[in-house]
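A.B. asks:
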Amino acid sequence: MSSAGKWSDNPALNPRIQAALRRGKVKLQGFHSALMSHTLSKLSIEVLCSNMTFDPSALLLTPAVTLSSGCSSIDRLLRGGLPVGGVTELFGPSAVGKTQLALQFCLSVQYPPEHGGLDSGAVYVCTEDMFPSRRLQQLISEQSVLRSDVPLSLTPKSLSDRVFVEHAADLPSLLSCLTRRVVLLLSRGLVRLVVVDSVAALFRSEFEASDWLQRHQQLLAVSSALRRISRQFNAPVLCINQVRPRPGPEPGLDPAVPLFSPAPSSFGPALGLAWSNQLTVRLMMRREEGLLVRGDQSSTPRSLQVNFASHLPSADQSQGSTASSGQSQGCVIIGVWREGLRGEDQSQQREMDQSGASV
Amino acid sequence: MQRPVWSLPLSSAVISKLNRRGYQCTADIEHLTAGQLSTETGVKEEEASEVLDLVDHQRYPVSITALELLQREAELKPIVTFCSELDRALGGGIPLGKTIELCGVPGIGKTQLCLQLAVDVQIPECFGGLGAQCLFIDTEGTFFLERLREMAAAVVRHCSLLTEDQEQQDAMRTFTVEKILSNLFVVRCDDSMELLSQISDLPAFLSDHPEVRLIIIDSIAFPFRLHFEDLPLRTRLLLGAAHQLAALATTRNTTVVMTNQMTTRVQGEGSRLIPALGENWGHAANIRLLLQWIDCKRMATIIKSSSHMSTTVHYQINTDGFRDLSEASKRAKVQTEDQKAVGNS
């Protein structure tokens, strides 16, 4: 907010108002209402001159910038990948693969834009476990398998050099890390992806039920810091969240949880409504029945669903549009392999079924 | 039109100077310029211009009869939402000249409905629409151009299927996705100060763009819930903004749609969801629509409106946008009937 002194030089303002502002008075009293509204409108124009209205048709030629995940099925689910201007949350039960997907994004961000990356590094803020460096090394060594679409000459060298790891054991250090160290890395152009793993861990241990007001304020401080850096540096932010059990139909416990999504599920995201109001995209990952086999590897299938996003169909939406071909949107089945998380392409599965049937 | 000078909010020195020169009521002063008044009465020039500003504002409000009002309102077409049940409940669609608040949890479809209305207000008049423009004020960063394109394409497809006469064919030649995008003005506001400045700048904006008939603020809650410790100040600012928007809506026959978030209210042992921004804000909008999940289905309820009954309707969000729940089954029925007809012939 600019100081009153700068506004006092505005020639459009009444000289008496200018004099009052110059004297350092921020509260203007003793002027009648017509003059005040005139002053307000002139000051509004000052505030707004940096805020241009833009014409959407001019943006038709530039597609929305997204960060690819390295897997085409996941990118198709997200219509390109993580949106660059907002906070994406990924929640799910423990050991389902959230951290691995985050690591995958930390690598895909380093590729050039024509291969879905942002040509920059990533900063990974850990709050509970140690950083999984061994898994990161494994993903790096298998990158050529995952990203077979990228010619070797364009593959970034020394992928681990551009992943910066920060630790934050409690809330004040998380806030200071976000507002100082992460901002420094972003402003120097060293990173463009921010991952926080996980947000809920800090809030669970520090607060009891009676401290909900303080918890609420801290939550808002963290989420607004994340939104601010995402907007300021045009950087995607990925937050990993844990789950809490969804209560039964009895009233008394927080009824906000069943209202988030209609998908019948025994769990819902932690952190509540105040946090959810700050998100741009929410994704859910959970285990499914069955087994996926590929070569010498096998994996339990997971489903990755869009819980909500204003530009993506969410998992509950029925088909019935005039344009779609009737494929299931909003949900994709993925497997966890050595080279990373990869979606199971539906046509591939159908082929496998057919070949299996013919044999 | 006559008002005695002593009743104006001026300092007593100025009033006595005016009275000494014989200016007893506002009708005497109206036709003068600041310079003339200053030389006549010995009042300083800037004080004279203040006096004239005040006099200009002392018009008594003009009244119109209820019948005239009814006739005027009958000429205003509402903005369709494309969910026929909701349109029926609202008497045709979102009415013009009112302020509407949409409340709901994240992901329920508030932004989707806003994007749908931004497209629907542009439907040409020969198709029953308004053929107007729209201003979209985005405070959360949830405006995605690709989604708007999808919805616009669906509406254009829908209208081209309905084209019958020559006038509609001519209109369809210019009613394209590019045209829809060019008739939409988008502004991004990052905090409450920018939003308030934008709202006070709206009258000037509307004078420059008289075709704008819909203003969408998505959301009005977000910038006011972040760093406001001083809650009474927040209420004052919000109600001031609501007042400005309501005045704008009535005088310019424009609809203002605002999105609100939900918050939890702890009551004794349990808690429930209520719209955010406080009790006083509840009185701000003319019409309040609550979007919520009931039994795993999306429902829209009119919870506040002086002219509509409190109804709850189903809706869904699909690739085309905001639609009726039963549209899929309706289309499936039509398709099977067509297939039967083809099979028989």
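Read top to bottom, the protein sequences are chains A and B.
Positions in the first sequence are counted from 1; adding 553 to them yields this note's numbering.
Residue numbers are given in this note's numbering: position 229 of the second sequence equals residue 216, and the series is strictly consecutive.
C-beta atoms are modelled at their ideal positions from N, C-alpha and C, and glycine is treated no differently.
The model shown is predicted, which means the values in this text are computed figures rather than measured ones.
Return the residues of the stretch 192 to 226 of chain B that lie within a Cβ-Cβ distance of less than 7 Å from chain A, sorted by chain order.
C.D. replies: 213
A.B. asks: Could you give the distance in angstroms between the alpha-carbon of residue 571 of chain A and the alpha-carbon of residue -4 of chain B?
C.D. replies: Sequence index remark: in the first sequence, residue 571 of chain A carries index 18 (1-based). Sequence index remark: in the second sequence, residue -4 of chain B carries index 9 (1-based). Taking the straight line from one Cα to the other gives about 22 Å.
A.B. asks: What does residue 773 of chain A reach in chain B if we use C-beta pairs closer than 7 Å?
C.D. replies: Mapped onto the first sequence, residue 773 of chain A falls at position 220. Simply 213.
A.B. asks: So residue 778 of chain A and residue 728 of chain A are in contact, right, with Cβ under 8 Å, and what is the actual spacing, rounded?
C.D. replies: As a working note, residue 778 of chain A is residue 225 in the first sequence. As a working note, residue 728 of chain A is residue 175 in the first sequence. Confirmed, Cβ separation roughly 6 Å.
A.B. asks: Ignore the nearest five residues each way along the sequence and tell me which others in residue 775 of chain A's own chain have a CB closer than 8 Å to its CB.
C.D. replies: Here residue 775 of chain A refers to the residue found at position 222 of the first sequence. For residue 775 of chain A, where only same-chain residues beyond five positions count, the Cβ hits under 8 Å are 724, 727, 728, 731, 752.
A.B. asks: What residues are listed by DSSP as bridge partners for residue 917 of chain A?
C.D. replies: The requested residue 917 of chain A is not part of the displayed model; chain A covers only 554 to 912.
A.B. asks: Are residue 738 of chain A and residue 637 of chain A closer than 7 Å when you measure CB to CB?
C.D. replies: Walking along the first sequence from the start, residue 738 of chain A turns up at place 185. Walking along the first sequence from the start, residue 637 of chain A turns up at place 84. It is not a contact, given that the beta carbons lie outside the stated cut-off.
A.B. asks: List, from N- to C-terminal side, the alpha helix (DSSP H) runs of 4 residues or more that fit wholly inside the stretch 50 to 85 of chain B.
C.D. replies: 53 to 62, 71 to 76
A.B. asks: Can you tell me where the beta strand (DSSP E) holding residue -8 of chain B begins and where it ends?
C.D. replies: Reading the second sequence from its first residue, position 5 is the one you call residue -8 of chain B. No beta strand (DSSP E) holds residue -8 of chain B; DSSP gives it neither H nor E.
A.B. asks: With a threshold of 7 Å on Cβ separation, who are the neighbours of residue 264 of chain B within its own chain once the five nearest residues in sequence on each side are excluded?
C.D. replies: Translated into positions along the second sequence, residue 264 of chain B becomes position 277. Result list for residue 264 of chain B: 208, 211, 225, 247, in chain order.
A.B. asks: Check each candidate in B:5, B:309, B:274 and name the one with the smallest Cα separation from residue 84 of chain B.
C.D. replies: Along the second sequence, read from residue 1 onward, the residue named residue 84 of chain B stands at position 97. Of the listed residues, the one whose Cα sits closest to residue 84 of chain B is B:274.
A.B. asks: Residue 851 of chain A bridges to which residues according to DSSP?
C.D. replies: Indexing the first sequence from 1 puts residue 851 of chain A at position 298. Note: residue 851 of chain A sits in a beta bridge opposite A:846.
A.B. asks: Residue 168 of chain B: which of B:195, B:302, B:177, B:119 sits nearest, CA to CA?
C.D. replies: Along the second sequence, read from residue 1 onward, the residue named residue 168 of chain B stands at position 181. Of the candidates B:195, B:302, B:177, B:119, the one whose C-alpha sits nearest the C-alpha of residue 168 of chain B is B:119.
A.B. asks: Of all the alpha helix (DSSP H) runs that stay within the bounds of the stretch 651 to 708 of chain A, which reach a length of 4 or more residues?
C.D. replies: 651 to 661, 686 to 694, 696 to 699
A.B. asks: For residue 633 of chain A, which residues from the same chain have a beta carbon less than 6 Å from its beta carbon, with the 5 sequence-adjacent residues on both sides left out?
C.D. replies: As a first step, residue 633 of chain A is located in the first sequence; it is residue number 80 there, counting from the start. Taken in chain order, the residues that qualify are 619.
A.B. asks: Scan the stretch 81 to 93 of chain B for residues whose Cβ lies nearer than 9 Å to a Cβ of chain A and list them as they occur along the chain.
C.D. replies: 92, 93
A.B. asks: Consult DSSP for residue 283 of chain B and reduce its assignment to one of helix, strand or coil.
C.D. replies: For this step, residue 283 of chain B is matched to residue 296 along the second sequence. Three-state result, residue 283 of chain B: coil.
A.B. asks: Which residues, in chain order, does the stretch 825 to 838 of chain A contribute to contact with chain B at a C-beta distance below 9 Å?
C.D. replies: If the cut-off is 9 Å between Cβ atoms, the stretch 825 to 838 of chain A has 825, 826, 827, 829, 830, 831, 832, 833, 835 near chain B.
A.B. asks: What is the C-beta distance between residue 290 of chain B and residue 277 of chain B, in whole angstroms, given that I count them as a contact (C-beta under 8 Å)?
C.D. replies: In the second sequence, the residue the question calls residue 290 of chain B occupies position 303. In the second sequence, the residue the question calls residue 277 of chain B occupies position 290. The Cβ separation is near 5 Å, so the contact holds.
A.B. asks: Answer with buried or exposed for residue 864 of chain A, where buried requires no fewer than 16 other C-beta atoms within 10 angstroms of its C-beta.
C.D. replies: Residue numbering aside, residue 864 of chain A sits at position 311 when the first sequence is read from its first letter. Looking at its Cβ environment, which holds 16 or more other Cβ atoms inside 10 Å, residue 864 of chain A is buried.
A.B. asks: Using the rule of at least 16 other Cβ atoms within 10 Å of the residue's Cβ for burial, across every protein chain shown, is residue 750 of chain A buried or exposed?
C.D. replies: Translated into positions along the first sequence, residue 750 of chain A becomes position 197. Burial call: buried.
A.B. asks: Measuring CB to CB, does residue 868 of chain A end up less than 7 Å from residue 883 of chain A?
C.D. replies: Taking the first sequence and counting its residues from 1, the one referred to as residue 868 of chain A is at position 315. Taking the first sequence and counting its residues from 1, the one referred to as residue 883 of chain A is at position 330. Yes, these two residues count as a Cβ contact at 7 Å.
A.B. asks: Can you tell me which of the three DSSP states residue 110 of chain B falls into?
C.D. replies: In the second sequence, residue 110 of chain B corresponds to position 123, counting from 1. In the structure shown, residue 110 of chain B adopts coil according to DSSP, grouped into three states.
A.B. asks: Listed from N- to C-terminal order along the chain, which residues in the stretch 847 to 869 of chain A have their beta-carbon within a distance smaller than 7 Å of any beta-carbon of chain B?
C.D. replies: 860, 861, 863, 864, 866, 867
A.B. asks: When burial is assigned at 16 or more other CB atoms within 10 Å of the CB, is residue -7 of chain B buried or exposed?
C.D. replies: The residue given as residue -7 of chain B occupies position 6 in the second sequence. By the 10 Å Cβ count, residue -7 of chain B comes out exposed.
A.B. asks: Ignore the nearest five residues each way along the sequence and tell me which others in residue 126 of chain B's own chain have a CB closer than 8 Å to its CB.
C.D. replies: Numbered from its first residue, the second sequence carries residue 126 of chain B at position 139. Contacts found: 175, 176, 177, 182, 204, 205, 206, 207, 209, 210.
A.B. asks: What residue range does the alpha helix (DSSP H) around residue 209 of chain B cover?
C.D. replies: Along the second sequence, read from residue 1 onward, the residue named residue 209 of chain B stands at position 222. Taken as a continuous stretch (DSSP letters only), the alpha helix (DSSP H) holding residue 209 of chain B covers 209 to 212.
A.B. asks: Starting from the Cα of residue 91 of chain B, find the closest Cα among A:893, A:747, A:827, A:859 and give me that residue.
C.D. replies: Numbered from 1 along the second sequence, position 104 holds the residue referred to as residue 91 of chain B. When each option's Cα is compared against that of residue 91 of chain B, the closest is A:827.
A.B. asks: Evaluate residue 556 of chain A with the Cβ neighbour count: other Cβ atoms within 10 Å of its Cβ, from every protein chain shown; 16 or more gives buried, anything less gives exposed.
C.D. replies: As a working mapping, residue 556 of chain A is identified with position 3 in the first sequence. For residue 556 of chain A, the predicted structure reports a pLDDT of 43, less than 50, and the residue's modelled location is therefore unreliable. The matter cannot be settled from this model.
A.B. asks: Looking at the structure shown, is residue 3 of chain B part of a helix, part of a strand, or coil, going by DSSP?
C.D. replies: Translated into the one-based positions of the second sequence, residue 3 of chain B becomes position 16. Note: residue 3 of chain B maps to helix in three-state DSSP.
A.B. asks: Starting from residue 913 of chain A, find everything on chain B with Cβ-Cβ shorter than 7 Å and list it in chain order.
C.D. replies: In this structure chain A extends from 554 to 912, so residue 913 of chain A is not present and cannot be described.
A.B. asks: Could you have a look at residue 125 of chain B and say whether DSSP puts it in helix, strand or coil?
C.D. replies: Position 138 of the second sequence, counted from the start, is the residue given in the question as residue 125 of chain B. In this structure, DSSP gives residue 125 of chain B an extended state, which the three-state scheme calls strand.
A.B. asks: Identify the continuous beta strand (DSSP E) that holds residue 775 of chain A and give its terminal residues.
C.D. replies: As a first step, residue 775 of chain A is located in the first sequence; it is residue number 222 there, counting from the start. Taken as a continuous stretch (DSSP letters only), residue 775 of chain A belongs to no beta strand (DSSP E), being part of the alpha helix (DSSP H) at 765 to 786.
A.B. asks: Indicate whether residue 20 of chain B and residue -10 of chain B have their beta-carbon atoms separated by less than 7 Å.
C.D. replies: The residue you call residue 20 of chain B lines up with position 33 of the second sequence. The residue you call residue -10 of chain B lines up with position 3 of the second sequence. Taking 7 Å as the cut-off, the Cβ atoms of residue 20 of chain B and residue -10 of chain B do not count as close.
A.B. asks: Checking 7 Å against the spacing of the C-beta atoms, do residue 649 of chain A and residue 840 of chain A come in under that value?
C.D. replies: Along the first sequence, read from residue 1 onward, the residue named residue 649 of chain A stands at position 96. Along the first sequence, read from residue 1 onward, the residue named residue 840 of chain A stands at position 287. Yes. Within cutoff.
A.B. asks: Do you know how far the Cα of residue 188 of chain B is from the Cα of residue 241 of chain B?
C.D. replies: Here residue 241 of chain B is taken as the residue at index 254 of the second sequence, counted from 1. Here residue 188 of chain B is taken as the residue at index 201 of the second sequence, counted from 1. Those two C-alpha atoms are separated by around 15 Å.
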